[in-house]
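Each remark here refers to the structure printed beneath this line.
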Amino acid sequence: MHFTRESIFIGAIRSFCTSLATILGIALAIGIIGIALAFILGPQYLPPKSSPLIMPDAQGSRAMLSGNSPAILRIDIRGVIGVGDLTSDKIESILLDSREDFLQGNRVKGILLYVDTPGGTTTDADSIYHALMTYKQKYNVPIYVFVDGYCASGGMYIACAADKIYATPPSVIGSVGVILGPMFNFSEAMTKVGVGSLTLSEGKGKDELDPFRPWKPDEAATLQDIITVLYDRFTTLVSTARPQLTKEKLINDYGAHVFVAKKAEELGYIDVANTDYSDALRGLTAAANIDPQTPYQVVQLIPPHPLLNNLAQVVAPKRILESLGMTSPLKNPELSGKLLYLYQP
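In the working numbering, the protein residues as written are 62 to 406.
In structure tokens, the structure reads:
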């Protein structure tokens, strides 16, 4: 009887090993085929494209029109710049897609930026601004901004690419400034509790602003120099795009303050206050030389979202905290240690 039970046990182990080997073999074969296809098709591979979504026009219509009807490309600048879909890569991809497929044949006659953002990273704001300016100059299309909420800091930076800026009555505009931090120093607290730290580095200033040792005088000078350069660039850009806002006024009078739409209009931050989406669209279609009697479409291009990425975002702790209103842009780990054009009340 002992011999029989042992044979059954050994047989079960053998079957398990055989099944496991089969599964691993299939997985390996699929992997090899995938690598081979990637190698063969690599140069010809194109990333997934954006999906078109018909948005309301000035009359509230979302009718599907013919493939040669004029179109207004709507791009949402909503949320924190540099996070999620609001990155320079995503916006540049949308601009590329706007010349192909559903919108091919030079259908796009103008761009409407729908803005509600406190700002974000300096690099993404700058890259998005330049991508829009390049598109505007290359295809000779007007760009209008419609603010419905915030157009602050990095949002104002991007809005400088626009020919006109419209805003709803409660919208908040401004915050021309740069921020990095806050940064904390724990050295005294660590000394009190008897905890030490050791950081190994090579290169002068490599451990700059190490929070676990006392900071030296003027240790932040190099970072402050960078911030000064970025601020000078920001104020120059705004004063060039918005002539009523001289550089002197921005630096000495208005600073990084924000203003409600009507006041922002008086100061020169925007062109039209106390307006709405339909007014902004009517102004844009007129600037784009679209005949008032000609039907047109407002098209938004939605960036592709792989299923696994969507699932990861849903269960991510950051998303859960955001849904409960327990996060703020400055606490976002994706912004940690980055130079920001960001308004945070």
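Note that beta-carbon positions come from the ideal geometry of N, C-alpha and C, so glycine has one too.
Status (buried if at least 16 other CB within 10 Å, exposed otherwise) for residue i
| i | result |
| --- | --- |
| F295 | buried |
| K170 | buried |
| A223 | buried |
| D137 | buried |
| A322 | buried |
| P179 | buried |
| I32 | Look at the range of the chain in this structure, 62 to 406, and you will see that residue 32 is not part of it. |
| T195 | exposed |
| A377 | Annotation note: pLDDT 49 at A377 (below 50); position unreliable, no value reported. |
| Q358 | buried |
| A213 | buried |
| L114 | exposed |
| M8 | Here the chain comprises residues numbered 62 to 406, so residue 8 is not present and cannot be evaluated. |
| A250 | exposed |
| V208 | buried |
Straight-line Cα distance separating residue j from residue i
| i | j | result |
| --- | --- | --- |
| H366 | S149 | 16 Å |
| D158 | T79 | 49 Å |
| I219 | Y211 | 13 Å |
| N371 | I142 | Legend: pLDDT at N371 = 48, less than 50; position of this residue unreliable, no value from coordinates given. |
| D352 | P109 | 34 Å |
| P117 | L328 | 31 Å |
| V333 | W276 | 48 Å |
| N246 | K199 | 49 Å |
| I172 | L401 | 26 Å |
| T183 | P356 | 38 Å |
| K399 | G238 | 14 Å |
| Y292 | L403 | 12 Å |
| A348 | V206 | 13 Å |
| K265 | F273 | 17 Å |
| A192 | I363 | 17 Å |
| T65 | I84 | Residue confidence for T65 is low, a pLDDT of 48 falling below 50, so the modelled location carries little weight and cannot support an answer. |
| L311 | V290 | 15 Å |
| I152 | L345 | 20 Å |
| N350 | L147 | 29 Å |
| Q120 | V360 | 15 Å |
| V254 | K267 | 27 Å |
| V319 | S236 | 5 Å |
| E395 | Q354 | 47 Å |
| I288 | I240 | 8 Å |
| S418 | V299 | This structure cannot settle anything about residue 418, because the visible part of the chain is limited to 62 through 406. |
| L284 | G242 | 11 Å |
Alpha helix (DSSP H) segment containing residue i, residue limits
| i | result |
| --- | --- |
| S218 | The question names Ser, but residue 218 is Tyr in the sequence shown. Segment G215 to A220, the alpha helix (DSSP H) holding Y218. |
| A469 | A query on residue 469 cannot be resolved here, the shown segment of the chain reaching from 62 to 406 and no further. |
| S149 | S149 to D158 |
| A325 | A322 to L328 |
Integer-rounded CB distance, given that residue j should sit under 8 Å from residue i
| i | j | result |
| --- | --- | --- |
| A132 | R160 | So it is not a contact: roughly 11 Å between Cβ atoms. |
| R135 | D177 | No, R135 and D177 are not in contact; Cβ-Cβ is about 13 Å, not under 8 Å. |
| I234 | A325 | 4 Å |
| Y227 | T336 | 5 Å |
| S154 | S111 | 7 Å |
| G181 | V144 | 7 Å |
| A186 | G215 | 4 Å |
| A47 | L270 | The shown model of the chain, from 62 to 406, leaves out residue 47, and the question about it has no answer. |
Beta strand (DSSP E) segment containing residue i, residue limits
| i | result |
| --- | --- |
| L362 | Q358 to I363 |
| I331 | Taken as a continuous stretch (DSSP letters only), I331 belongs to no beta strand (DSSP E), as it is neither H nor E. |
| Y402 | L401 to L403 |
Review point. Whole alpha helix (DSSP H) runs in the segment 263-308 with 4 or more residues, listed along the chain?
Key: Note on the segment 263-308: whole alpha helix (DSSP H) runs with a minimum of 4 residues are 282-302, in chain order.
Point to revise | beta strand (DSSP E) segments (min. 3 residues) lying fully within the segment 168-253 | key: Qualifying beta strand (DSSP E) stretches, in chain order: 169-182, 204-213, 225-228 and 233-235.
Check your understanding: What beta strand (DSSP E) runs, 3 residues minimum, are completely inside the segment 108-143?
Key -> For the segment 108-143, the full-length beta strand (DSSP E) segments reaching 3 residues or more read 112-116 and 132-142 along the chain.
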